[in-house]
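K.L.:
Protein sequences appear in the order of chains Y and V.
Heads up: the first sequence begins at 0 in numbering that gives the first Met the number 0, then just goes up one per residue.
Heads up: the second sequence begins at 0 in numbering that gives the first Met the number 0, then just goes up one per residue.
For glycine and all other residues, C-beta sits at the position ideal for the given N, C-alpha and C.
Since we're looking at a predicted model, the values are computed, not measured.
One structure coming up, written as structure tokens, with questions to follow.
Protein chains: 2
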Amino acid sequence: MQIPGGAARAFSFNSRRGLSTTSRGSSGLKINFDRLWETLHETCKWGAANRYGEKPTETGMARLTLTDDDARIRKWFADEVQKLGASLSVDQMGNMFARTPGKLRSSAPMIAMGSHLDTQPRGGRYDGILGVMAALEALRTMKENGYQTNYDVGIVNWTNEEGARFPKSMCSSGVWAGAIPIQKAWDLRDIHDPNVTLRSELERHGFLGDIACSSDAASGFPLGAHFELHIEQGPILQDTGRSIGVVTGAQGYRWLAFTVRGRDAHTGTTPLSARQDPLLAASKMIASSNDIAKRHNALASTGVMKVPSNASTNTVASEVTFTLDIRHPQDSVVHAVQEECLKSFTSIASQDGKGVSFDWTLDTDSPAVQFDRGCVGSIQAAADALVGPEKWMEITSGAGHDSVYTSKHCPTAMIFVPCRDGVSHHPTEYCSPEHCALGTQALLDSVVHYDQFRSESAGKH
Amino acid sequence: MQIPGGAARAFSFNSRRGLSTTSRGSSGLKINFDRLWETLHETCKWGAANRYGEKPTETGMARLTLTDDDARIRKWFADEVQKLGASLSVDQMGNMFARTPGKLRSSAPMIAMGSHLDTQPRGGRYDGILGVMAALEALRTMKENGYQTNYDVGIVNWTNEEGARFPKSMCSSGVWAGAIPIQKAWDLRDIHDPNVTLRSELERHGFLGDIACSSDAASGFPLGAHFELHIEQGPILQDTGRSIGVVTGAQGYRWLAFTVRGRDAHTGTTPLSARQDPLLAASKMIASSNDIAKRHNALASTGVMKVPSNASTNTVASEVTFTLDIRHPQDSVVHAVQEECLKSFTSIASQDGKGVSFDWTLDTDSPAVQFDRGCVGSIQAAADALVGPEKWMEITSGAGHDSVYTSKHCPTAMIFVPCRDGVSHHPTEYCSPEHCALGTQALLDSVVHYDQFRSESAGKH
Numbered sequence: 000m001q002i003p004g005g006a007a008r009a010f011s012f013n014s015r016r017g018l019s020t021t022s023r024g025s026s027g028l029k030i031n032f033d034r035l036w037e038t039l040h041e042t043c044k045w046g047a048a049n050r051y052g053e054k055p056t057e058t059g060m061a062r063l064t065l066t067d068d069d070a071r072i073r074k075w076f077a078d079e080v081q082k083l084g085a086s087l088s089v090d091q092m093g094n095m096f097a098r099t100p101g102k103l104r105s106s107a108p109m110i111a112m113g114s115h116l117d118t119q120p121r122g123g124r125y126d127g128i129l130g131v132m133a134a135l136e137a138l139r140t141m142k143e144n145g146y147q148t149n150y151d152v153g154i155v156n157w158t159n160e161e162g163a164r165f166p167k168s169m170c171s172s173g174v175w176a177g178a179i180p181i182q183k184a185w186d187l188r189d190i191h192d193p194n195v196t197l198r199s200e201l202e203r204h205g206f207l208g209d210i211a212c213s214s215d216a217a218s219g220f221p222l223g224a225h226f227e228l229h230i231e232q233g234p235i236l237q238d239t240g241r242s243i244g245v246v247t248g249a250q251g252y253r254w255l256a257f258t259v260r261g262r263d264a265h266t267g268t269t270p271l272s273a274r275q276d277p278l279l280a281a282s283k284m285i286a287s288s289n290d291i292a293k294r295h296n297a298l299a300s301t302g303v304m305k306v307p308s309n310a311s312t313n314t315v316a317s318e319v320t321f322t323l324d325i326r327h328p329q330d331s332v333v334h335a336v337q338e339e340c341l342k343s344f345t346s347i348a349s350q351d352g353k354g355v356s357f358d359w360t361l362d363t364d365s366p367a368v369q370f371d372r373g374c375v376g377s378i379q380a381a382a383d384a385l386v387g388p389e390k391w392m393e394i395t396s397g398a399g400h401d402s403v404y405t406s407k408h409c410p411t412a413m414i415f416v417p418c419r420d421g422v423s424h425h426p427t428e429y430c431s432p433e434h435c436a437l438g439t440q441a442l443l444d445s446v447v448h449y450d451q452f453r454s455e456s457a458g459k460h
Numbered sequence: 000m001q002i003p004g005g006a007a008r009a010f011s012f013n014s015r016r017g018l019s020t021t022s023r024g025s026s027g028l029k030i031n032f033d034r035l036w037e038t039l040h041e042t043c044k045w046g047a048a049n050r051y052g053e054k055p056t057e058t059g060m061a062r063l064t065l066t067d068d069d070a071r072i073r074k075w076f077a078d079e080v081q082k083l084g085a086s087l088s089v090d091q092m093g094n095m096f097a098r099t100p101g102k103l104r105s106s107a108p109m110i111a112m113g114s115h116l117d118t119q120p121r122g123g124r125y126d127g128i129l130g131v132m133a134a135l136e137a138l139r140t141m142k143e144n145g146y147q148t149n150y151d152v153g154i155v156n157w158t159n160e161e162g163a164r165f166p167k168s169m170c171s172s173g174v175w176a177g178a179i180p181i182q183k184a185w186d187l188r189d190i191h192d193p194n195v196t197l198r199s200e201l202e203r204h205g206f207l208g209d210i211a212c213s214s215d216a217a218s219g220f221p222l223g224a225h226f227e228l229h230i231e232q233g234p235i236l237q238d239t240g241r242s243i244g245v246v247t248g249a250q251g252y253r254w255l256a257f258t259v260r261g262r263d264a265h266t267g268t269t270p271l272s273a274r275q276d277p278l279l280a281a282s283k284m285i286a287s288s289n290d291i292a293k294r295h296n297a298l299a300s301t302g303v304m305k306v307p308s309n310a311s312t313n314t315v316a317s318e319v320t321f322t323l324d325i326r327h328p329q330d331s332v333v334h335a336v337q338e339e340c341l342k343s344f345t346s347i348a349s350q351d352g353k354g355v356s357f358d359w360t361l362d363t364d365s366p367a368v369q370f371d372r373g374c375v376g377s378i379q380a381a382a383d384a385l386v387g388p389e390k391w392m393e394i395t396s397g398a399g400h401d402s403v404y405t406s407k408h409c410p411t412a413m414i415f416v417p418c419r420d421g422v423s424h425h426p427t428e429y430c431s432p433e434h435c436a437l438g439t440q441a442l443l444d445s446v447v448h449y450d451q452f453r454s455e456s457a458g459k460h
């Protein structure tokens, strides 16, 4: 979607309304788009990389978690939220929780707007960053309008969401949710320097906090809700002409790693019938997994395939490894695709020459997630008021997000905005100013809506 | 084949015969197997690597061309042939020509027994080495028996056959044959150290000879014939129970390199219909090339496949490269397989999602080679006398050899002996003592037979 007349026009219809009502979904507050856009891109000076065009914003980002640049944006973020009167808590995974008081002065856990400030090594300027900057803009808008929510609201910057430097994605929301042991997360090693661990970098930058990384009310930092604005990272919104995706859950996925073993042999002297060719077998397996996924309307993808480094044109490889990523909104379909793949691979392994052997591991098992109906309802109401029912759609997240972990311990939902051609994890990743603004406004409105819904619900009890 | 009773018994039937006759194919000379075996393995101290068993000979070899270890075996080789009364010539590619005079004192080019002393980095003790050591044993046997051929005979040690350190295989026989410009060969860079060239290493070790690397009679070192004993490097002799392969030629082969381009995309968020997945397309192409080769009774092999180093489980790769090695004894079949593959790949490129693009290069084009009928006939006669007609077979070489280049400029043929399970280019590469001995005896007998045939032919003119 392109909104004619730029961001300011996009929100003009709100200006005629008063303060929000729950039924309408609009908070009545208007975000300052210019401030959002400037803040987002100004802070990208920390980590800007991989220029692809001449405009100042036409670079990607390489702000890997807990690097010096990540420490700089973290310190900047701490300053900014404290200027807004927020109190800042840092837990033992470096997760940063900024909390502003609500009118009720309730000790109940805050309503959080969360995402992450770290990026992939060849990432863009929106994945994660938009979610945190939008949250900051929402707080700024409330502050300058003198608007106070009923319950405390705030922001979370989750550490190492990308898992690009310390290889575990959604790492610290995972620890917070009790899904990843903290010692395991602390011990993760920099993929380029085994002497550096995630914990040693937390210590070096002063982000090894005191409070437990946990949703436990006594020792950790529980949340009352978690709203996350994120670029879609896929083409569905763009292709269907929608500007907001109301994310109702996340598809289930399993990551399998296969090792196919054969025997190295000279390609000129070894008859096909005498070969054990793992690259041929792996190729057939990959093609077969795609067929099987299509039949189930699921996704099956191989992103990595490796042959030994001494491979050569005239040698049959001895061993090939490849990954398989299976996804579907229903876990039962993920399991069915896996079962059919394993059956097919077993057959392929004996098809050519003297056959190959293979084994596999299940490296990640992420069951499908349903987000909270209350949170989803608040986002629907906000989206309806903001763009009308034709311009938003329900969508299932295809990627993993911190929200998948928070949903285990607090009501959670997400807002998607389109990104150009669905591209992410790439320097040219792009979310238009209009969509950044719409997403931020939707985030603010959803949180306000949810806060009212929460206090009304509490009043009924 | 296993010959009961060990090597000595294998040749006992020869001891009852007198000196050779052309019709029989046996020279009557008996190689000294113990000396061959000891010499071969004793000199493997220069470059022994990658131990795989407890016996002294249970290591592989890493004698890359023109390394210090290769210089040591070259100096040793120079000494040994000179002890036998041979004159040694070294050409500008470091090819070593040892020549012993025949009875005729003819100035005609010598009958050569040639192969190479360099190995792969994870090579074995037989590929190339056996051919040179067998040639040396043949000369030693003739010398100690006071046997003199009619024409001059000798040995060639070809430089950089493997192309493992300086990436051009059959490099110096290629220069000798006029197929590779010498400057291009000299300029080849060490794959691990771009400051080192093949020429700088020739100079460092004193192997940059004065004579032209050429078959030209005026400036170079022409050959009257070239016989090469080599391990088969395939399983055909073992599988068919033969102990000698009479190599009638080399199959044609073409090496193609493909680059398939798509678009990186998130595996969780990108519908299959929106993808441009080069790894899926490449997998289907590899499977298809195998189908096509099978239909033509040809070979098609992919040894190398590469995805970008930043590939990850949850990202569709942006680009994939793979190699395709097509072989058949008839060039027309090689061409037909290539054409069908290209047609099939074009179809595959548009099959899935939004399609991929691909391009390709022809990196090597080695037409099929027919060896000289006279040389082949001498080897057949020798093999017949040595093991009887049931134990040898005609075979086409699947691999490239220096003999492929020499065949352009002199009558050439090769002798194959089985290697265990067809394994070569691997530390465990193994040729039994019996087969080493049989091959060496066949080499000696063939050369003697050919020398007699040559002088009889000359007499008829």
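Short check: CB of His295 (chain Y) to CB of Ala256 (chain Y), under 8 Å?
P.N.:
Taking the first residue of the first sequence as position 1, residue 295 (chain Y) is located at position 296. Taking the first residue of the first sequence as position 1, residue 256 (chain Y) is located at position 257. Result no, Cβ atoms of His295 (chain Y) and Ala256 (chain Y) do not sit closer than 8 Å.
K.L.:
Answer with buried or exposed for Asn94 (chain V), where buried requires no fewer than 16 other C-beta atoms within 10 angstroms of its C-beta.
P.N.:
The residue you call residue 94 (chain V) lines up with position 95 of the second sequence. Asn94 (chain V) should be labelled buried.
K.L.:
Over what stretch of residues does the alpha helix (DSSP H) that includes Trp391 (chain Y) continue unbroken?
P.N.:
For this step, residue 391 (chain Y) is matched to residue 392 along the first sequence. Unbroken run through Trp391 (chain Y) is the beta strand (DSSP E), 391–396; no alpha helix (DSSP H).
K.L.:
Round the Cβ separation of Asp90 (chain V) and Phe220 (chain V) to the nearest angstrom and send it over; I've been treating them as touching at under 8 Å.
P.N.:
In the second sequence, the residue the question calls residue 90 (chain V) occupies position 91. In the second sequence, the residue the question calls residue 220 (chain V) occupies position 221. About 6 Å; that satisfies the 8 Å criterion.
K.L.:
If you run the structure through DSSP and keep just helix, strand and coil, what is Asp362 (chain Y)?
P.N.:
Numbered from its first residue, the first sequence carries residue 362 (chain Y) at position 363. Strand at Asp362 (chain Y).
K.L.:
State the DSSP-derived secondary structure class of Tyr252 (chain V), mapped to helix, strand or coil.
P.N.:
In the second sequence, residue 252 (chain V) corresponds to position 253, counting from 1. Three-state result, Tyr252 (chain V): strand.
K.L.:
Determine contact between the segment 156–173 of chain Y and the segment 119–133 of chain Y, defined as no fewer than three beta-carbon pairs at a distance below 8 Å.
P.N.:
Flag = yes, the segment 156–173 of chain Y and the segment 119–133 of chain Y touch.
K.L.:
Under 8 Å Cβ-Cβ, which residues of chain V neighbour Trp254 (chain Y)?
P.N.:
The count along the first sequence starts at 1 and reaches residue 254 (chain Y) at position 255. Within chain V, the residues near Trp254 (chain Y) are Thr312, Asn313.
K.L.:
Whose C-beta lies closer than 7 Å to the C-beta of Pro521 (chain Y) among residues of the same chain, with five residues either side of it excluded?
P.N.:
The question about residue 521 (chain Y) has no answer, for chain Y in this structure spans 0 to 460.
K.L.:
Near Ser300 (chain Y), which residues of its chain fall below 6 Å by C-beta distance, leaving aside the five closest residues on each side in sequence?
P.N.:
Translated into positions along the first sequence, residue 300 (chain Y) becomes position 301. Asp324.
K.L.:
With 8 Å as the threshold, decide whether the Cβ of Ala398 (chain V) is near any Cβ in chain Y.
P.N.:
Taking the first residue of the second sequence as position 1, residue 398 (chain V) is located at position 399. At least one chain Y Cβ lies under 8 Å of Ala398 (chain V).
K.L.:
For a minimum of 3 consecutive residues, which ranges assigned as the beta strand (DSSP E) are wholly contained in the segment 297–370 of chain Y?
P.N.:
Counting whole runs of 3 or more residues, the segment 297–370 of chain Y contains the beta strand (DSSP E) stretches 298–300, 318–327, 356–365.
K.L.:
So, is the C-beta of Ser402 (chain Y) closer than 8 Å to a C-beta in chain V?
P.N.:
Residue 402 (chain Y) sits at position 403 when you count from the first residue of the first sequence. Chain V contact via Cβ: absent.
K.L.:
What's the call for Ser106 (chain V), buried or exposed, on a 16-neighbour Cβ count within 10 Å?
P.N.:
Residue 106 (chain V) sits at position 107 when you count from the first residue of the second sequence. So Ser106 (chain V) counts as exposed.
K.L.:
To be precise: take each residue of the segment 153–168 of chain V, compare its Cβ to all Cβ atoms of chain Y, and keep it if any distance is under 8 Å. Which residues remain?
P.N.:
Taking 8 Å as the Cβ-Cβ cut-off against chain Y, none of the residues of the segment 153–168 of chain V qualify.
K.L.:
Among the residues of its own chain, which have a CB less than 8 Å from the CB of Tyr150 (chain V), if the five just before and after it don't count?
P.N.:
Indexing the second sequence from 1 puts residue 150 (chain V) at position 151. Once the five neighbours on either side are set aside, the close Cβ partners of Tyr150 (chain V) are Gly101, Leu103, Ser105, Ala107, Met109, Ile110, Gly223, Asp450, Arg453, Ser454.
K.L.:
Report the residue from Y:Glu202, Y:Phe415, Y:Val332, Y:Ser396 whose alpha carbon sits nearest the alpha carbon of Thr268 (chain V).
P.N.:
Start at 1 with the first residue of the second sequence, and residue 268 (chain V) comes out as number 269. Nearest option by C-alpha distance: Y:Ser396.
K.L.:
What residues in its chain sit with their C-beta under 6 Å from that of Thr360 (chain V), if we drop five residues either side in the sequence?
P.N.:
Along the second sequence, one-based indexing puts residue 360 (chain V) at 361. Excluding residues within five positions, the ones whose Cβ falls inside 6 Å are Ala256.
K.L.:
With Pro277 (chain Y) as the anchor, note down where its alpha helix (DSSP H) starts and where it stops.
P.N.:
Taking the first residue of the first sequence as 1, we reach residue 277 (chain Y) at position 278. Pro277 (chain Y) -> alpha helix (DSSP H) spans 277–294.
K.L.:
From this set, V:Val303, V:Ala217, V:Cys340, which residue's C-alpha is nearest Ile291 (chain V)'s C-alpha?
P.N.:
Stepping through the second sequence from its first residue, residue 291 (chain V) is reached at position 292. Answer by Cα proximity: V:Cys340.
K.L.:
Quick check on Ser22 (chain V): buried or exposed, where buried means 16 or more other Cβ atoms within 10 Å of its Cβ?
P.N.:
The residue you call residue 22 (chain V) lines up with position 23 of the second sequence. Annotation note: pLDDT 48 at Ser22 (chain V) (below 50); position unreliable, coordinate value reported separately. That one is exposed.
K.L.:
Taking CB distances under 8 Å as the criterion, tell me whether Ala367 (chain V) reaches chain Y.
P.N.:
Position 368 of the second sequence, counting from 1, holds the residue named residue 367 (chain V). False, the Cβ-Cβ gap to chain Y never drops below 8 Å.
K.L.:
Can you list, in chain order, the residues of its chain with a C-beta nearer than 6 Å to that of Thr439 (chain Y)? Leave out the 5 residues immediately preceding and following it.
P.N.:
Within the first sequence, numbered from 1, the residue matching residue 439 (chain Y) stands at position 440. Answer for Thr439 (chain Y): Ile30, Leu35, Ala133, Glu136, listed in chain order.
K.L.:
If you count every other CB in all the chains shown that lies within 10 Å of the CB of Pro328 (chain V), and 16 or more means buried, which is it?
P.N.:
Residue 328 (chain V) sits at position 329 when you count from the first residue of the second sequence. It is buried - the Cβ of Pro328 (chain V) has at least 16 other Cβ atoms within 10 Å.
K.L.:
Identify, in the order they occur along the chain, each residue of the same chain with its Cβ nearer than 7 Å to the Cβ of Tyr146 (chain V), setting aside the five sequence neighbours on each side.
P.N.:
Counting from one through the second sequence, the residue named residue 146 (chain V) turns up at place 147. Closer than 7 Å at Cβ, skipping near neighbours: Leu28.
K.L.:
Going by the DSSP bridge assignment, what does Gly122 (chain Y) pair with across the sheet?
P.N.:
Position 123 of the first sequence, counted from the first residue, corresponds to residue 122 (chain Y). Answer is Y:Met60, bridged to Gly122 (chain Y).
K.L.:
Mind checking which residues open and close the beta strand (DSSP E) that includes Ile378 (chain V)?
P.N.:
Working through the second sequence from its first residue, we reach residue 378 (chain V) at position 379. It is not in any beta strand (DSSP E) - Ile378 (chain V) instead sits in the alpha helix (DSSP H) that spans 372–386.
K.L.:
Between Thr20 (chain V) and the rest of its own chain, which residues show a CB-CB distance below 6 Å, the 5 nearest in sequence each way excluded?
P.N.:
Position 21 of the second sequence, counting from 1, holds the residue named residue 20 (chain V). Interpretation of Thr20 (chain V) is limited by its pLDDT of 38, a score under 50 that renders its predicted location unreliable; the figure taken from the coordinates is listed afterwards. Closer than 6 Å at the Cβ level, and outside the excluded window around Thr20 (chain V), lies no residue.
K.L.:
Per the contact definition of three or more C-beta pairs closer than 8 Å, is the segment 180–196 of chain Y in contact with the segment 74–84 of chain Y?
P.N.:
Output reads no: the segment 180–196 of chain Y does not touch the segment 74–84 of chain Y.
K.L.:
Thinking C-alpha only, which one of Y:Ala384, Y:Thr247, Y:Ser365, Y:Ser431 is nearest Ala441 (chain Y)?
P.N.:
Against the first sequence, residue 441 (chain Y) aligns to sequence position 442. Measuring from the Cα of Ala441 (chain Y), the nearest candidate turns out to be Y:Ala384.
K.L.:
To which residues of the same chain is Val131 (chain Y) closer than 6 Å at the C-beta, ignoring the five residues directly before and after it?
P.N.:
What you label residue 131 (chain Y) is simply residue 132 of the first sequence in a count that begins at 1. Correct list, in chain order: Ser114, Leu116, Asn156.
K.L.:
Among Y:Gly24, Y:Cys409, Y:Ala367, Y:Gly46, which has the Cα closest to the Cα of Gly248 (chain Y)?
P.N.:
As a first step, residue 248 (chain Y) must be located in the first sequence, where it is residue number 249. When only C-alpha atoms are compared, the closest one is Y:Ala367.
K.L.:
Which chain V residues are close to Ala495 (chain Y), counting only those with a beta carbon under 9 Å from its beta carbon?
P.N.:
Residue 495 (chain Y) falls outside the range modelled here, since chain Y spans only 0 to 460, and no answer is possible.
K.L.:
In whole angstroms, give me the CA-to-CA distance for Val332 (chain Y) and His40 (chain V).
P.N.:
Locating residue 332 (chain Y) in the first sequence gives position 333, counting from the first residue. Locating residue 40 (chain V) in the second sequence gives position 41, counting from the first residue. In a straight line, the C-alpha of Val332 (chain Y) is about 60 Å away from that of His40 (chain V).
K.L.:
Applying the criterion that 16 or more other CB atoms from any shown protein chain within 10 Å of the CB defines a buried residue, is Val315 (chain V) buried or exposed?
P.N.:
For the purposes of this step, residue 315 (chain V) is taken as the residue at position 316 of the second sequence. Counting Cβ neighbours within 10 Å, Val315 (chain V) comes out buried, since at least 16 surround it.
K.L.:
Going by C-alpha distance, which of V:Leu197, V:Asp420, V:Lys353, V:Gly84 is nearest Gly240 (chain V)?
P.N.:
Walking along the second sequence from the start, residue 240 (chain V) turns up at place 241. Of V:Leu197, V:Asp420, V:Lys353, V:Gly84, the residue nearest in Cα terms is V:Asp420.
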